[in-house]
Structures are given as C-alpha cells and as structure tokens.
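Peer 1: The sequence shown runs 223 to 1069 under this note's numbering.
Backbone N, C-alpha and C fix where the C-beta goes; we use that ideal spot for every residue, glycine too.
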Amino acid sequence: MKDAAPQPVRLAEYTPFPFVVEHVELWFTLAGPDTRVRSKIRFAPNPAAAAPAREIFLHGKELKLISAQIDGAAVEPALTPKGLTCPVPEGAFTWEAEVQIDPTTNTSLDGLYVSGGMYCTQCEAEGFRKITYYPDRPDVMAPFRVHIDSDMPVKLSNGNPVGDGEWDDPWPKPAYLFALVAGDLRAFSSDFNTMSGRAVDLNIYVRPGDEPRAEYAMDALIRSMKWDEEVYGREYDLDVFNIVAVDDFNMGAMENKGLNIFNSKYVLASPETATDGDYDLIEGIIAHEYFHNWTGNRITCRDWFQLCLKEGLTVFRDQQFSSDMRGAAVKRITEVMQLRARQFREDQGPLAHPVRPEEYIEINNFYTATVYEKGAEVIHMLKHLVGDEGYKKALDLYFERHDGDAATIEDWLKVFEDATGRDLSQFARWYSQAGTPRLSVSESFKDGTLTLDFKQETKPTPGQPIKAPQVIPIAVGLIGPNGDEVVPTTVLEMNEAEQSFDFTGLSAKPVASILRGFSAPVVLDRPLDSATRAFLLAHDTDPFNRWEAGRVLGKEVLTAMITKGAPPSPDLLSGLHRLVADDSLEPAYRALMLGLPSEDDLAQTLFDSGHVPDPAAIHAARETLLEAMATEMEPTLASLYEQMETPAPYTPDAEAAGKRSLRSACLGLLSRRDGCARAKVLFEAADNMTEELSALAVLVRHGEGAEALQTFYDKWHHDRLVMDKWFMLQVVQAPAEKMAETAKALTEHADFDWKNPNRFRSVLGAMQANPAGFHRADGAAYQLYADWLIRLDPVNPQTTARMTTGFETWARYDADRQQMIRGELERIAALEGLSENTGEMVGRILG
Ligand code: TRP
Ligand code: ZN
C-alpha cells in the first residue's frame, strides 16, 4: 500500500482556477526517449476567482523540467510529484517551459506513448499533465497552436492544418481534449458539406494496407454528421475531421477536438474479419465520439464530477442514432440487457455511486456504467416527462446558452426548467442518489376501474443509508382479454414513496403492460401468474414489454428449476416457440427471444430473493432449459436455419445481421439435438467472420473444436483483432471445470501480448463471461485473475483498476467463495507500490 492514504477530491470543494489561459502554443520534438515539449502559455487573472493570486500551481507528472521562464526571465518553481508552484507577477504574464519526456517506456497508455511505432496521446481525464506543466482541469479552456517536429510522414493535432506538422485549433478547449499523432499512416478519405456549406475533409488514418477496412467507419461518420444536423441542428465546426486507429488503447475511443483517437477494434472492419456485432459497435462508437463535438467539446464539464453531463447525454444521443439506423425495438432491448448486466450489477454492489459522484480518489475509476448508461437513462426519463417538444426546446436552449462553457448538471436541469416551466428539484435526485429503485406494483379491478398501487424503495448504498422517493415515469398500456389494446401507452408520473393510479370506464378486466419501453431504470417487482405473463408474451403491443414478458417468465422458470428442482415450464416453451415461428416479427427480435437471462443476472436475482446463488447449479439449469427449448422447437429451428441464410456477398446492414443472429441462435440450439454437422459445414463455407465465429463457438462448446481452432489460427494469426476473438472464444466456451486451465494456457501462448489491453481482456476479461468457470469452487480462477491483475498494475493501472470489477459481486456468494475472493483482494491491496487507481477500487470493493 501507499504510505500516506490518498486524499479524495470533493465536489463541494470546487473553486475556480485563479487564472484564465488566453492562448497555448506547443512545440514537440519527437525523439524517442529524449522527446521534448516546449510550451508558451499566456495567463491572465480570472475575474471569477475570489482574489488575485500571486503564485500559480501547474499540474505535472513524470516530467523532467529543463527550463522555465515567466515573461522571458528564468524562474525556479518548487517541484512536487504532482506539479509545480511558482510566484507570478501581477496581471497577465507569459509562461514558457521545456520538458523532457519518454513516450517509449510509457506503458500506461495515458499521456504521450508509442503504439506499434506510432506516437499518440490519451489525455482524458488527466493525461495532459504527463505531457507538460499545465492547469489540467476541464474548466480551463484555451485555443491551442501546435508544432510537431518528427521524421514521421503523418503528423496530426487538433484543429485546422496550417503547415507541415503545424495545427491551429481556434475553439477554446480544456487540456483533456488535446491530441497528437505521428506515424507512418495512410488515410481513407472522404468529405462532407455541412448544412451551412462548410466543406470538411474527412480522414481515417490507419496502418498501410488497412485502408479498405476503414470504409464502414467512414460511412458511419458521414451518417452521424448528417443525423446530428437533422435531429439536433448541430453542425461541424472545423475544416478537417480526423480519426486515427491505434492498437494499444485503454478504452473504446476518445473525442479529442477534430482528432478522434480510436481503439482499432472500433474502426477497422471487413466482412472477413469483423462480426455483425463489431459493425454495430463501430457505428455506435463513431457516432458517440462525433456527437461529443457538441456535447462534451463545445460544451464541456466544469469539473470531473459533471462527467455524466457529457457522457450520459452523448450515450443517449448515440442510442437515438442507432435506434434510427437499426430499429427501435431491438436496439432498446439490447440497451436494457446491457444496462442490467453492467449498471444494475454495479448499483447493487459495493461500487454503487450516484450518476454524479460527490468524491473520488482517481477519476479514471468513475468512467462507469452508472455515469454512462444510467446517465443516459436519466435523460431518457427526462424526455418522457417533458415530451418530445419540451426536450427539443430544452436542448436548443442548452446549446444556445452554454456554447463555450464548462457547465454543470445544475445548468443542464435549469435549461429544462426554463424551457418547459417544470420544477425538476425532485427529479435531480436521480443524479445524487445511488442504487436501483425497486418498484413494486399490485393491481385490483372493480366496477370498470383498474387500480395500480405502486411502491418504490431503494436499498442503502455505500455512504447513503436513507433514500428519498424519486420521480419515476411509468409508461403503461392496457390490453383487453381478446388481445386488443384498450388503453394506449400513457406515462404515469410517480413521485411519492407509495402512489395509486386509476384507469376508469373499462368494460372488462384488462391486463396491464407496465414500464413499457423500460421507461425508468428500476427493478419492476410484479407478482403475476404465469398464464398472464404468457398472455403478455403473446399479445403485448409494446415490443419491449413483449420481450420482457418472456424474459421474466424465463427467470421465474429458471429460479424454480434451481431452487425447487422444477422442470422447464411448458408455458414458457410453447410461448417462445410461437414467437420464434412468427414470420411477421423481425428476425433480430426473434433471436433475442431465444436468449435466456445470463448466469450473472440469475445469480443476482437469486441473491435478491434470499438465496445463495450456486454458479454451477445456475449453469446446469440454463443448459437444461436450452435443451428443452431445442427439443420443443427442433423442426422450427431447422427450417429457420435454412430460411435465414443470407445471400453472398455479405452486407453489414441491420436486416441481414438480424437474419444471421436468428440463424446463429438456431444453430446453437440445434447442435444440442443433433451435434456439430451443420456447424462444420458452416465453418468451412462461411465467407464472413460472423458465421465463421459462430460455427467455431459451437464446435468448441461441444469439445469438437481442436482442428477448427488450428485452422482458424493458421488463417488469422497475422491479424490482431481476429486473434483477440480466437483467444476470447476459447475462454468463454471452455467447460466450467477447465476454464481456469484453458485461460492459463492461453496466457502462456506466444501470441499473448499481455501489455495490449485488447489481448489482456480477451483472455482475462473473457473469464467473466464464463461465470461457472470463474466461480469454480476451488478458487483457481480467482487466483489466476488476481495474479494477472497484480502483474498488470505497475504496467497499466487504468486497465487493472477497471478489471477489479470482476470481483465486485463477492457478497452474493457462499462463505467459502466470499473468503477466497476477499483473500485475493487483500493480496492485491497489500502490494508494495500498488497504484492509486487499483488501490481505490480494491478498497471500495472490500468495503
Ligand atoms: N471520453 C471517452 C468516451 O467516452 C472515454 C475515454 C477514452 C476515456 N479514453 C479514456 C476515459 C481514458 C478515461 C480514460 O468516448
Ligand atoms: Zn463519451
């Protein structure tokens, strides 16, 4: 452990920086270990500061200061590991400095580093301080001019090009949006004319030879630019928009002004190497980073507590975009599945925190599902409450009022209040209260009136023992006994702890469809007999809730199988069968119907209902139910498998992808009945990675994959992104009792480049997708996982810290497992020199 306990940063302690930065000029000499950065920064007193300051503090980390001057005279600032302090004259002044840094040994992938021979940067959240001394905080915004001296052919930075390796960014920006790239790169280029007639050059920079693989990302970029103009009236504001693909990257991508940097996994695609899922993610992430140009860059965050201001809103916007591109129902279902898998899991464990946290030790630990995904759900609810018109008015006001600002959640809510006249003081609790509300409902029908009695309750979370009632928009529709909708969707607004709503004038007792479209991020607790659930599964006119009816039924059936040894329910099997066979439904939707709740979701559900989840029993019950589904539906699945074949050549559009997803679900189920013959044929014949991989998964799951794995390796070993899939698949499909050994053997493979985050996650991260294997009773997987976190921490603290969340669910399990997981966490916590990132996470998980 670190000697002194690191001090948290608190929202309540925010104060403005005493200076404004009027202009920044940077000169980079990229020379490997002797890389130099010269800076010239014009400071002036900040009129918003309490009192004029006579000294300045600048952040700086792992920098070697060569020289410093103020107004041309040498100064000798006081240096600490976190920065420097220096006396300053009254009024405005110019700071100049030169520092030496070594990007070649920077394995943290934070600041300036080298990836595959190319220089690149990652500055969010606090990486700029590893490049030069600077007030590295988002409320300090300035225009930048950058000069890059390097023998690399391509030299990029933010803004517009003004010479070879010279860039000027006129838009004031915080340091976290700074970027620089220099390398031997090739561009896939296109252009875009904005709605007001600005011609923009678009370039996606990749390694020589990869150009064709950038075509889809470019297409997605152009569609994103158009969509933001049409839907939000937002136009691009520079002459160029550049994207660079980088192999070594901690996260998905980064919205640096005019120079987005992407994990190559989310840019490069070809039918042979990328799956339908990859295409979907590329489209969504390209859109996300592009949309940040307005929600994040033109309007940024005052401090990192406001992170959801840009991330929640930008996720919401990319979800709207994907929904327009790919279909609303399927998109909403996959969003909710992901929200439950990641955010509910977080909210129900020791890492629960509000969408706007109030303190942190290491901000990088707060780029969470709660900030991103629950942050987006909160905006989704806001839109429900104020309506589409109100939302549009509020957003127009937001852009008008706050363009150029570093804003807060209070500013955000105020535009909604001003635009719509609504009081949002209670709604604001969604930003400050952690935890997933549990919404229970009971229903009664009398004299033509249906009464719904709701109750909301949020359990205590770390640091928040008592919760006040929140505003919950509950979308409800009523279905008559013959299956017709008798009351269309209306949004009930709940704001008390307990509240009733009446629907009057009904001629017969209807069936309520509650929380349509998942109108609030809550757990709905609704006791209902399985016949009524089956009725909703057959008749609900809301596609989300129709899917949800099957999901809840599936959960109930699996719970009964696990806790009472009940058999798979015929109601569920026949209900799902009818839907899957219904040709009027889109294939992607039917494929989702064939999915069952995940093992992790079931573990949480069992825990919530007072059981101690047994990962092996959960796995076994799911397998039994899948086999029962295969038996029930066999002829339907076999004919669908033929029907859903997509014609060559492969196209990545949602319709074709939907057919392949249904086909792949059929393949998986059918293999449980009659083995691997279909999968073998498909593996050999597939002209695309989606089908090649789904066939391989079936072969490996049935223990018949050895030869195919070798064939696949021989074919693809030169391709990093495809090899990530090869590693991952073996861990995910391994039998639970052998998963730890499989993963361990893969970490000893010559191609296991553990310093590359994608590769590390494709083996160690993949263990999470095999819960029965991860939670194996002897703790072998826990130990392997911890061993590798320990190894990675000194090399890459950000990725290590993130991956500690594999252990966040320890409290659900039996005493032996709890003790083993806590033992591993304590082993990590006790390490000499453990990073602050990982130290904070382990400490919070242990509680
Ligand atoms: N702002 C980025 C996004 O959401 C996230 C991100 C990229 C990031 N790289 C990072 C966050 C490194 C923390 C650290 O699009
Ligand atoms: Zn983002």
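Going along the chain, which residues of its own chain have a beta-carbon closer than 7 Å to the beta-carbon of P230, five neighbours each way excluded?
Peer 2: E581, Y582, I583, listed in sequence order.
Peer 1: Under 8 Å: does the beta carbon of T480 sit that close to some heavy atom of ligand 2?
Peer 2: Per the sequence presented here, residue 480 reads as Gly, with Thr not at that position. Flag unset: Cβ of G480 not near ligand 2.
Peer 1: Can you give me the Cβ contacts of S1057 inside the same chain, cut-off strictly under 6 Å, excluding the 5 residues immediately before and after it?
Peer 2: So the list reads D1015, P1019, once near-sequence residues are dropped.
Peer 1: DSSP three-state label for H606, please.
Peer 2: Here H606 sits in helix by DSSP.
Peer 1: Looking at ligand 2, does it come within less than 8 Å of G518, judged from the CB to the closest heavy atom?
Peer 2: Yes - ligand 2 has a heavy atom lying nearer than 8 Å to the Cβ of G518.
Peer 1: Which term fits A988, buried or exposed, when burial requires 16 or more other beta carbons within 10 angstroms of its beta carbon?
Peer 2: Per the 10 Å Cβ criterion, buried.
Peer 1: Helix, strand or coil: how does DSSP classify V376 here?
Peer 2: Three-state DSSP puts V376 in a strand.
Peer 1: Tell me which residues share the same chain as V708 and place their Cβ nearer than 6 Å to its Cβ, disregarding the 5 neighbours each side in the sequence.
Peer 2: Hits under 6 Å: L700, G702, P732.
Peer 1: Taking the C-alpha atoms as reference points, what is the distance between V403 and S379?
Peer 2: Computed Cα separation, rounded: 7 Å.
Peer 1: My assumption, with CB atoms under 8 Å, is that R524 sits in contact with P360. Please give the rounded CB distance.
Peer 2: At roughly 7 Å, the Cβ-Cβ gap stays under 8 Å, so R524 and P360 are in contact.
Peer 1: Counting along the chain, where does the beta strand (DSSP E) carrying A364 start and finish?
Peer 2: 364-371 is the span of the beta strand (DSSP E), which, as asked, contains A364.
Peer 1: With burial defined as no fewer than 16 other Cβ atoms inside 10 Å of the residue's Cβ, what is the status of A742: buried or exposed?
Peer 2: By the 10 Å Cβ count, A742 comes out buried.
Peer 1: Could you name the residues of the same chain whose beta carbon sits closer than 8 Å to that of N704, not counting the 5 residues immediately before and after it, in chain order?
Peer 2: No residues qualify anywhere along the chain.
Peer 1: Evaluate contact between the stretch 493-506 and the stretch 896-916, counting only Cβ atoms and requiring at least three cross-stretch pairs below 8 Å.
Peer 2: Because the criterion of three Cβ pairs below 8 Å is met, the stretch 493-506 and the stretch 896-916 touch.
Peer 1: What does a CB cutoff of less than 6 Å around A810 pick up in its chain, not counting 5 residues either side in sequence?
Peer 2: Once the five neighbours on either side are set aside, the close Cβ partners of A810 are V552, G880, S883.
Peer 1: Using 10 angstroms around the beta-carbon of R420, count the other beta-carbons present and answer buried if the total reaches 16, otherwise exposed.
Peer 2: With fewer than 16 other Cβ atoms within 10 Å, it is exposed.
Peer 1: Hey, would you say A439 sits closer than 9 Å to F513, going by beta carbons?
Peer 2: No, the Cβ-Cβ distance between A439 and F513 is not below 9 Å.
Peer 1: Can you list, in chain order, the residues of its chain with a C-beta nearer than 7 Å to that of F740? Leave out the 5 residues immediately preceding and following it.
Peer 2: Correct list, in chain order: R554, V558, F766.
Peer 1: Express the C-alpha separation of A641 and V608 in angstroms, rounding to a whole number.
Peer 2: Their backbone Cα atoms lie some 10 Å apart in a straight line.
Peer 1: At a cut-off of 8 Å, is K532 close to ligand 2 when judged by its beta-carbon and the heavy atoms of the ligand?
Peer 2: K532 Cβ: within cutoff of ligand 2.
Peer 1: Which residues share a DSSP beta bridge with G385?
Peer 2: Bridge partners of G385: E388.
Peer 1: Taking the straight line between their C-alpha atoms, what separation do you get for Q692 and P659?
Peer 2: Those two C-alpha atoms are separated by around 8 Å.
Peer 1: Here's the rule I'm using: 16 or more other beta-carbon atoms within 10 Å means buried, otherwise exposed. How should Q542 be labelled?
Peer 2: Buried, because 16 or more other Cβ atoms sit within 10 Å of the Cβ of Q542.
Peer 1: Answer with buried or exposed for A300, where buried requires no fewer than 16 other C-beta atoms within 10 angstroms of its C-beta.
Peer 2: Classification of A300: exposed, given that the 10 Å Cβ count is below 16.
Peer 1: Can you give me the C-alpha to C-alpha distance between G282 and K902, rounded to a whole angstrom?
Peer 2: Cα-Cα distance, rounded: 57 Å.
Peer 1: Given a cut-off of 9 Å on the beta-carbon distance, is the pair G772 and L759 in contact?
Peer 2: Yes, the pair counts as a contact, with Cβ atoms nearer than the cut-off.
Peer 1: Please return the same chain residues whose Cβ sits closer than 8 Å to the Cβ of E1030, not counting the five positions on each side in sequence.
Peer 2: Excluding residues within five positions, the ones whose Cβ falls inside 8 Å are R567, E568, G571, P572, L573, I1067.
Peer 1: With burial defined as no fewer than 16 other Cβ atoms inside 10 Å of the residue's Cβ, what is the status of S289: buried or exposed?
Peer 2: Exposed, by the Cβ-count rule.
Peer 1: Say yes only if the C-beta of P477 is nearer than 8 Å to one or more non-hydrogen atoms of ligand 2, and no if none qualify.
Peer 2: One detail in the question is off: residue 477 reads as Glu in this sequence, not Pro. True, at least one ligand heavy atom lies under 8 Å from that Cβ.
Peer 1: With 16 as the cutoff for other CB atoms within 10 Å, does N980 come out buried or exposed?
Peer 2: Buried is the call here.
Peer 1: Which residues does DSSP pair with G405 in a beta bridge?
Peer 2: G405 is bridged to V376.
Peer 1: Compute the Euclidean distance between the alpha carbons of M223 and D332, then round it to the nearest angstrom.
Peer 2: Annotation note: pLDDT 42 at M223 (below 50); position unreliable, coordinate value reported separately. Approximately 22 Å, taken between the alpha carbons.
Peer 1: Rounded C-beta distance between D390 and R367? I'm assuming under 8 Å.
Peer 2: About 5 Å separates the two Cβ atoms, so the contact holds.
Peer 1: Return the chain-ordered ranges of every alpha helix (DSSP H) run that is complete within the stretch 884-909 and spans a minimum of 4 residues.
Peer 2: With a minimum length of 4 residues, the continuous alpha helix (DSSP H) runs that stay inside the stretch 884-909 are 899-907.
Peer 1: Between Y613, L535, N519, M603, which has its C-alpha nearest N478's C-alpha?
Peer 2: Of the listed residues, the one whose Cα sits closest to N478 is N519.
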